[in-house]
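Counting from 1, position 43 in the sequence shown corresponds to residue 43 in the UniProt record's numbering; the numbering is continuous, with no gaps.
Here's the structure, in structure tokens; my notes come after.
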Amino acid sequence: MNLPEGARLHIHLDPVGGVAGDMFIAAMLDGFPALEQRVMKDIAAILPDHVGHAALTRGHSGGMSVRRFALIPMDGGHSHDDHHHHGHEDHHHHRHGEETTYRAMRAMIEAAPLAEGTAEHACAILHLIAEAEAAAHDIPIEDVHFHELADWDALMDVTAAGSIAAALKGAGWSLASLPLGGGQVRTAHGMLPVPAPATVRILRGYDWHDDGVGGERVTPTGAAIMAHLTGGSPGSRPSGRLVATGMGAGTRDLPGRPNILRITAFDLAGTAQTDRVVQLACDLDDMTGEEIGAAADALRAFPGVIDLVLLTAQGKKARPVTRMELLLEPQVETQVVQALFDRTSTLGLRRSEITRLILPRSTDTAPDGKTRRKRATRPSGVTVKAESDDLDAAPTLAERRAQARRAEQG
1 MNLPEGARLH
11 IHLDPVGGVA
21 GDMFIAAMLD
31 GFPALEQRVM
41 KDIAAILPDH
51 VGHAALTRGH
61 SGGMSVRRFA
71 LIPMDGGHSH
81 DDHHHHGHED
91 HHHHRHGEET
101 TYRAMRAMIE
111 AAPLAEGTAE
121 HACAILHLIA
131 EAEAAAHDIP
141 IEDVHFHELA
151 DWDALMDVTA
161 AGSIAAALKG
171 AGWSLASLPL
181 GGGQVRTAHG
191 MLPVPAPATV
201 RILRGYDWHD
211 DGVGGERVTP
221 TGAAIMAHLT
231 GGSPGSRPSG
241 RLVATGMGAG
251 TRDLPGRPNI
261 LRITAFDLAG
271 TAQTDRVVQL
281 ACDLDDMTGE
291 EIGAAADALR
301 AFPGVIDLVL
311 LTAQGKKARP
321 VTRMELLLEP
331 QVETQVVQAL
341 FDRTSTLGLR
351 RSEITRLILP
361 RSTDTAPDGK
371 TRRKRATRPS
381 GVTVKAESDD
391 LDAAPTLAER
401 RAQARRAEQG
């Protein structure tokens with residue numbers, strides 16, 4: 001897809017009704033109709049002829065005009081209507097055998113003649129689901145059976161989402177709070193609470209809320225797509241010029257709201273953002289380096305602390321002093337002040353409220369599926385930086401740098 005010259009795209013996802021793979025694809029193709037040809041071609045490449053074909057249709061949900069995405073089977077059997085949305089409460093598992101293992105499904109994606117980048121993103125999404133299932137059942141990841149992804153339409157969802165992610169290379173993504181739902185879901189392992197175990201493992205660290213509507217509102221496939229696109233962090237909706245919007249719907253009717261996932265796309269080119277933060281500072285001249293380091297590590301990990309730096313200076317009587325400066329969100333000031341007084345020897349703090357000018361930023365995951373990337377939109381273009389923590393497993397400096405280079409250029 002060709003974006004306008006100089007465009008810096010950021011896509012925000014609002015899960016009003018919830019998130020499933022088909023809802024995401026429908027919303028994206030509603031907002032970006034130019035992607036439809038690529039996505040449908042990739043789906044045709046992954047699905048055998050006898051299975052059926054994908055269909056994008058128009059409809060309504062809660063009085064809103066929406067798009068729906070589904071597999072139309074050749075034999076008149078199950079489609080998305082049955083796979084994802086038995087009230088969002090029933091995970092089917094029709095095919096059981098070697099073809100439903102993570103290893104086999106990944107091989108199918110890798111062997112298909114897909115558009116550039118599709119396979120890498122699709123395999124990364126599939127890996128997130130397999131990783132969560134392996135952890136939930138304490139088995140090797142290669143032995144995971146996708147009972148809940150056993151229908152062809154689930155493989156289609158993963159492939160289509162990978163196609164969209166590859167086509168919008170360079171876009172930033174963010175996700176609003178997710179609906180918890182409630183009740184239980186029927187799986188190959190029996191009745192399990194909602195959200196399903198794989199879903200909560202994948203979206204750990206994301207914001208959730210209870211809107212009073214039960215059922216399974218976020219599926220494992222939808223969770224994996226969201227986590228892959230946002231790089232493991234929900235982010236926030238930016239300021240910018242609205243350039244596209246789309247709504248994809250599930251088939252279940254929800255009380256008091258449309259069952260939709262809405263996307264809004266913003267062009268961030270030339271957009272500067274501001275926010276208000278609290279700055280705290282103190283001088284420490286009677287703590288050891290180890291004590292200061294321990295206090296700094298604890299304070300950096302404190303929720304709402306944006307940054308902490310240590311500066312070397314000279315104090316009274318030319319004594320060496322370590323100056324500790326923190327930036328934090330205003331709502332956590334009281335707790336952070338208490339922690340500072342408890343963890344350091346300071347008898348007082350300097351405080352000020354300041355305005356920051358900040359570049360639009362977002363996170364995503366590189367096509368390797370394991371390296372998160374931080375993107376910043378500058379007046380001259382987008383810069384990409386690999387997440388340092390994700391490079392720690394590299395055994396040598398050369399391999400660490402190579403992994404970072406691949407992630408930043410991919």
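We put the CB at the ideal spot given by N, CA and C, even for glycine.
Predicted, not measured: the structure shown is a model, and the values here were computed from it.
Under 8 angstroms between C-beta atoms of residue i and residue j
{"i": "Ala55", "j": "Ile43", "result": "no"}
{"i": "Ile202", "j": "Ala132", "result": "yes"}
{"i": "His12", "j": "Leu268", "result": "no"}
{"i": "Ala130", "j": "Tyr102", "result": "yes"}
{"i": "Ala386", "j": "Ala398", "result": "no"}
{"i": "Gly59", "j": "Ala249", "result": "yes"}
{"i": "Thr365", "j": "Gly231", "result": "yes"}
{"i": "Phe126", "j": "Arg106", "result": "The amino acid at residue 126 is misidentified as Phe; the sequence shows Leu. In contact: Leu126 and Arg106 (Cβ atoms closer than 8 angstroms)."}
{"i": "residue 414", "j": "Gly21", "result": "Not covered by the structure: residue 414. The range shown for the chain is 1 to 410."}
{"i": "Gln279", "j": "Ser352", "result": "yes"}
{"i": "Pro379", "j": "Val332", "result": "no"}
{"i": "Met74", "j": "Val51", "result": "yes"}
{"i": "Met247", "j": "Asp49", "result": "no"}
{"i": "Ala339", "j": "Leu299", "result": "yes"}
{"i": "Met287", "j": "Thr245", "result": "no"}
Close-in-space but distant-in-sequence residues of the same chain around residue i (CB under 6 angstroms, 5 per side omitted)
{"i": "Ala112", "result": "Ala45 and Ile46"}
{"i": "Thr383", "result": "Ala376"}
{"i": "Pro15", "result": "Leu178 and Leu261"}
{"i": "Thr322", "result": "Leu284, Ile292 and Leu310"}
{"i": "Leu149", "result": "Caution is warranted here: a pLDDT of 48 is assigned to Leu149, below 50, making its placement in the model unreliable, and the coordinate value is therefore given only provisionally. Closer than 6 angstroms at the Cβ level, and outside the excluded window around Leu149, lies no residue."}
{"i": "Val243", "result": "Ala265 and Asp267"}
Closest residue to residue i among the options (Cα-Cα distance)
{"i": "Ala265", "options": "Pro238, Pro234 and Arg361", "result": "Pro238"}
{"i": "Thr274", "options": "Ala136, Arg186 and Arg361", "result": "Arg361"}
{"i": "Asp157", "options": "Phe146, Trp208 and Ile225", "result": "Ile225"}
{"i": "Leu349", "options": "Arg356, Leu359, Val337 and Ile358", "result": "Val337"}
{"i": "Leu357", "options": "Thr312, Phe69 and Val277", "result": "Val277"}
{"i": "Leu168", "options": "Arg204, Phe32 and Gly181", "result": "Phe32"}
{"i": "Thr187", "options": "Leu175, His209 and His145", "result": "His145"}
{"i": "Glu116", "options": "Lys41, Arg400 and Thr57", "result": "Lys41"}
{"i": "Asp211", "options": "Thr334, Leu359, Val243 and Leu180", "result": "Leu180"}
{"i": "Ala165", "options": "Ala227, Gly182 and Leu280", "result": "Ala227"}
{"i": "Phe24", "options": "Gly289, Asp49, Ala70 and Pro395", "result": "Ala70"}
{"i": "Ala295", "options": "Glu36, Asp342 and Gln37", "result": "Asp342"}
{"i": "Leu347", "options": "Ser388, Arg373, Ser380 and Ala281", "result": "Ala281"}
{"i": "Pro330", "options": "Lys374, Ala27 and Ile306", "result": "Ile306"}
Residue i: CB within 7 angstroms of a non-hydrogen atom of the ligand NAD
{"i": "Thr383", "result": "Although the ligand NAD was asked about, the structure shown includes no ligands whatsoever."}
C-beta neighbour in chain C for residue i, strict 8 angstroms
{"i": "Thr264", "result": "Here chain C cannot be found, since the structure has a single protein chain."}
Close-in-space but distant-in-sequence residues of the same chain around residue i (CB under 7 angstroms, 5 per side omitted)
{"i": "Lys370", "result": "Asp390"}
{"i": "Glu142", "result": "Tyr102 and Arg103"}
Cβ shell of residue i (< 8 angstroms), same chain only, five flanking positions each side left out
{"i": "Ala119", "result": "Ile109, Glu110, Ala112 and Gly162"}
{"i": "Gly63", "result": "Pro258"}
{"i": "Arg217", "result": "Pro15, Gly17, Gly18, Val19, His88, Leu178, Pro179, Leu180, Gly181, Val194 and Pro195"}
{"i": "Gly315", "result": "Asp283, Asp285 and Val321"}
*Please go through the region 280-361 and give each complete alpha helix (DSSP H) segment of 4 or more residues, from N-terminal end onward.*
Fully enclosed alpha helix (DSSP H) runs of 4 or longer: 289-300 and 333-343.
*Any beta strand (DSSP E) of 3 or more consecutive residues that is wholly inside the region 217-250*: Taking only runs of at least 3 residues, the beta strand (DSSP E) segments lying wholly in the region 217-250 are 241-249.
_Within the region 147-220, ranges of the beta strand (DSSP E) (whole runs, at least 3 residues)_ = 172-175, 184-187 and 190-193, all fully within the region 147-220.
*Evaluate the contact criterion for the region 227-241 versus the region 182-199: three or more CB pairs, one atom per stretch, below 8 angstroms.*
The region 182-199 and the region 227-241 do not touch, with fewer than three beta-carbon pairs separated by less than 8 angstroms.
*Could I get the ranges of all uninterrupted beta strand (DSSP E) runs contained in the region 20-63, with 3 residues as the minimum, in chain order?*
List check, beta strand (DSSP E) in window: 52-61.
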